[in-house]
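Residue numbers for the sequence shown follow the numbering used here, so the first one is 10 and each next one is one higher. Contents: one structure, followed by commentary.
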Amino acid sequence: MDGSSGTIGVVGGGIVGIAIARALALQGHGQVTVLEKEDRVALHQTGHNSGVVHAGIYYAPGSLKAQLCVRGRAMVKEYCQDKQLPYREAGKLVVAVDDSELAALDVLEQRSRANDVPGLRRLGSEELRDIEPHAAGIAALHSPHTAVVDYAAITEAMAGDVRQAGGAVLPGHEVTAIRRDGGGVRVTAGGAEFAFDRLVVCAGLQSDVVAGFIGAPKSPKILPFRGEYWTLSAATSIWSAG
Ligand SMILES: Cc1cc2nc3c(=O)[nH]c(=O)nc-3n(C[C@H](O)[C@H](O)[C@H](O)COP(=O)(O)OP(=O)(O)OC[C@H]3O[C@@H](n4cnc5c(N)ncnc54)[C@H](O)[C@@H]3O)c2cc1C
């Protein structure tokens, strides 16, 4: 982005699209319009994830993922404090249940230390039980600053920032066609046509479909798969499907 003004369209009102729109609007890169197909933002992955603010345990030291994770954690915390949004430092335990998992735990410990995961400690089985009586294992890593947030609330707040900076966030605008027009693009969404100098596509798991609108090849293709999550039931002290 060269900093010149102009019109910028963003497809997708998940946290990625809204965060990009917010940065572009606040930094004065142009007139920003977000086109979101649902009737509000954050309705897909962003509103259906585990809400964890990761501290950098898993990523290869020095990688961009590791750097962004550590920096992003601090930024999310600061943003939640500024906007008075929930930010709960519940902490995380990574548990080795038997000897066969110790080598993998060692690797995660080395990575965590290289990534400066704050407050990281290696625990034995008793310390592990002190922190989480429902967990059992022979060793664990404890990351006390891994947090839980409401990513949908964060996205709503950032959408407010976009609007306050003069941009538009338009729910109910499903993008159904994109065509090049000179140096810009024309986008059909919600029964209207929009002209933009630049377009940023952040359509999450529909990104391959939207990319197809401008002639992208069918491969790579996004494949869905089912995952299962469990929550600890306080009443029964067993894990139940959530
Ligand atoms: C089960 C699960 C758990 C996760 N847990 C965590 C976690 O704990 N911590 C973490 O940091 N990350 C987690 N993630 C990852 C995180 O949720 C995603 O990386 C993030 O939400 C992606 O945001 P997004 O904006 O790219 O996608 P989305 O939130 O899916 O947003 C894409 C948006 O594009 C819109 N769209 C699509 N097609 C069109 C169209 N044609 N026209 C207009 N709009 C369109 C959709 O309606 C949607 O709103 C998890 C992901 C999953 C699936």
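Glycine is no exception: its CB is placed at the ideal position from the N, C-alpha and C atoms.
Identity of the residue in HIS154, GLY21, GLY22 nearest VAL62 by Cα:
HIS154
Have a look at LEU208 and VAL20 and give me their C-alpha separation to the nearest angstrom.
8 Å
Going by the CB atoms, is the gap between ASP170 and GLY60 shorter than 8 Å?
no
Mind checking who TYR96 pairs with in its DSSP beta bridge?
VAL158
What does a CB cutoff of less than 6 Å around LEU179 pick up in its chain, not counting 5 residues either side in sequence?
LEU44
For the beta strand (DSSP E) holding SER2, just list the boundary residues, first then last.
Beyond the ends of the chain as shown, which are 10 and 251, falls residue 2; an answer cannot be given.
Does ligand 1 have even one heavy atom less than 7 Å from the beta-carbon of SER152?
no
If you pair each beta-carbon of the stretch 24 to 43 with each one of the stretch 221 to 229, do three or more pairs fall below 8 Å?
no
For ASP190: DSSP bridge partner residues:
GLY193
Go through its chain and collect everything with a Cβ distance to ILE29's Cβ below 8 Å, but skip five positions before and after it.
VAL19, VAL209, CYS211
If you pair each beta-carbon of the stretch 93 to 102 with each one of the stretch 136 to 153, do three or more pairs fall below 8 Å?
yes
Hey, how far is the Cα of SER242 from the Cα of ARG80?
33 Å
So, at 6 Å on beta carbons, what are the nonlocal neighbours of ARG188 in its own chain, with the 5 sequence-adjacent residues on each side left out?
ARG195
Suppose contacts are defined by Cβ-Cβ distances below 8 Å. Is LYS46 in contact with GLU237 by that definition?
no
Contact defined as beta carbons within less than 8 Å: I believe ALA69 pairs with ARG120. What is the distance between those atoms, to the nearest angstrom?
7 Å
Following a CB-centred definition, is CYS89 positioned closer than 7 Å to any heavy atom of ligand 1?
no
Please list, in chain order, all residues of the same chain as THR42 whose beta carbon is under 6 Å from its beta carbon, the five residues on each side excluded.
GLY18, ALA177
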